[in-house]
Ligand code: NAD
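In the numbering used here, the protein residues as written are 19 to 366.
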């Protein structure tokens, strides 16, 4: 299948293929839309069985970044990169050096940071070849790991949702089921616990749930049943597809809002949630805190006030989505897509 025929192509502005035989680096950088600014999105380092799979992933993720960045109201468009993990042995430093040169050759139409399989150390290697990179631990504007800021965005978003559904302006006493206690999930749990919420947690990592029990008084739940708890809020913070035809029938929460990307296995799930009177916080809106933090770094001078204002803006955008959803009787994910496209087109 050619690039143009891919179901994920969706009028990408450009797609760039890079290869460096010496290091074994094979990368695809997809730029979906630059109306709002250079394409910004993380770099994924992953094992793909075919280059078609890598291309599909890059295109799908890049388009999603256009939407996410528009809703986060940052001066960036959508882009994403995937590097195909070599099969045999390879020199990681040489590979990320070649990748950094590839980014630099694009002259700034794409800016990157970490995604799955990539560390801040890898990004430091990339930084030596190009300035179009964020999420670093060192440097004047370094913003480091974006996860705590993603958690803060989710936390503020849940306040807006709770106000709507439970008519309370805090999270005190609410029962929240958190799926996945990784970088974002654990930080969210700390915030929720401090706000007086009651935690139900699940992770395939037994040590981390034990820590949450000990530190935060969380109730440990079987990972296969976390979505089905008798709680007020379900917060997916692990992998995608948490809301699927099987789990959706068992959800008892009145709010679904968490950090995970691609929470709905299919967009129709948004309609089903609405039909069950469950308020869904669209994933790419509520989890935009991390890219806001990276954007602050990419601007050249990291300003925490700017980040704070953008996080408030994210919560306001969520509120607007909830209002329009109620007014038009349409699912929140559909409203979010429409608003994102409107912002992208308005910037043309
Ligand atoms: P992470 O890898 O640190 O944490 C994921 C956690 O989920 C791990 O502790 C893992 O053990 C757990 N997990 C995996 N499968 C599970 C299962 N079946 N049931 C329960 N737990 C399971 O990742 P993260 O950085 O915390 O990101 C979490 C999610 O949020 C991902 O979907 C990511 O794409 C998304 N996200 C993260 C950020 C960020 O700033 N890190 C920003 C936006 C979106």
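From the three backbone atoms N, C-alpha and C, an ideal C-beta is built for every residue, glycine too.
Quantities reported herein were computed from a predicted structural model and do not represent experimental measurements.
query, result
"Option nearest residue 203 by Cα separation, candidates 226, 56 and 273", "226"
"Own chain partners of residue 316 with C-beta closer than 6 Å, once the 5 adjacent residues on each side are dropped", "129 and 152"
"Alpha helix (DSSP H) runs wholly inside the segment 207-275, at least 4 long, in chain order", "224-234"
"Heavy atom of the ligand NAD within 8 Å of residue 299 beta-carbon", "no"
"Residue 165 CB to nearest heavy atom of the ligand NAD below 8 Å", "yes"
"Within the segment 104-141, ranges of the alpha helix (DSSP H) (whole runs, at least 4 residues)", "110-123"
"Rounded C-alpha distance that separates residue 214 from residue 352", "32 Å"
"Residue 194 to residue 275 span [Cα, whole Å]", "10 Å"
"Limits of the beta strand (DSSP E) - the one that residue 78 falls within", "Here residue 78 belongs to no beta strand (DSSP E); instead the alpha helix (DSSP H) covers 69-89."
"Opening and closing residue of the beta strand (DSSP E) in which residue 195 lies", "193-197"
"For residue 99, three-class secondary structure by DSSP", "strand"
"CB contact flag (residue 83, residue 106, <9 Å)", "no"
"Closest Cα partner of residue 347 within the set 288, 311 and 318", "288"
"DSSP three-state assignment for residue 174, whether helix, strand or coil", "helix"
"Residue 241: CB within 8 Å of a non-hydrogen atom of the ligand NAD", "yes"
"Span of the beta strand (DSSP E) around residue 363", "No beta strand (DSSP E) holds residue 363; the alpha helix (DSSP H) holding it covers 350-364."
"Cβ-heavy atom distance, residue 37 to the ligand NAD, below 8 Å", "no"
"Residue 307 versus 178, 170, 133 and 284, residue with shortest Cα-Cα distance", "170"
"The beta strand (DSSP E) enclosing residue 33, as first and last residue numbers", "32-38"
"Helix, strand or coil at residue 52 [DSSP, three-state]", "coil"
"Among 343, 68 and 139, nearest to residue 292 - alpha-carbon criterion", "343"
"Where the beta strand (DSSP E) containing residue 63 begins and where it ends", "61-64"
"Coil, strand or helix - residue 189 by DSSP", "coil"
"beta-carbon residue 329 near the ligand NAD non-hydrogen atom, thresh 8 Å", "no"
"Residue 336 Cβ short of 8 Å to the ligand NAD heavy atom set", "no"
"beta-carbon residue 203 near the ligand NAD non-hydrogen atom, thresh 8 Å", "yes"
"Check: residue 197 C-beta below 8 Å from any heavy atom of the ligand NAD", "yes"
"Under the three-state DSSP convention, the category residue 297 falls into", "strand"
"Own chain, CB closer than 6 Å to residue 320, minus 5 neighbours either side, in chain order", "159, 161 and 314"
"Extent of the continuous alpha helix (DSSP H) run through residue 333", "322-346"
"Member of 24, 98 and 363 whose CA lies at the smallest distance from the CA of residue 48", "98"
"Residue 273 Cβ short of 8 Å to the ligand NAD heavy atom set", "no"
"Under 9 Å between C-beta atoms of residue 62 and residue 74", "no"
"Beta-carbon proximity list for residue 304, same chain, < 7 Å, skipping 5 on both sides", "171, 172, 175, 275 and 336"
"Nearest to residue 284 (by Cα), restricted to the options 271, 294 and 266", "266"
"Expected contact under 8 Å - CB spacing of residue 150 and residue 135 to nearest Å", "Going by Cβ atoms, the distance from residue 150 to residue 135 rounds to 20 Å, so no, they are not a contact pair."
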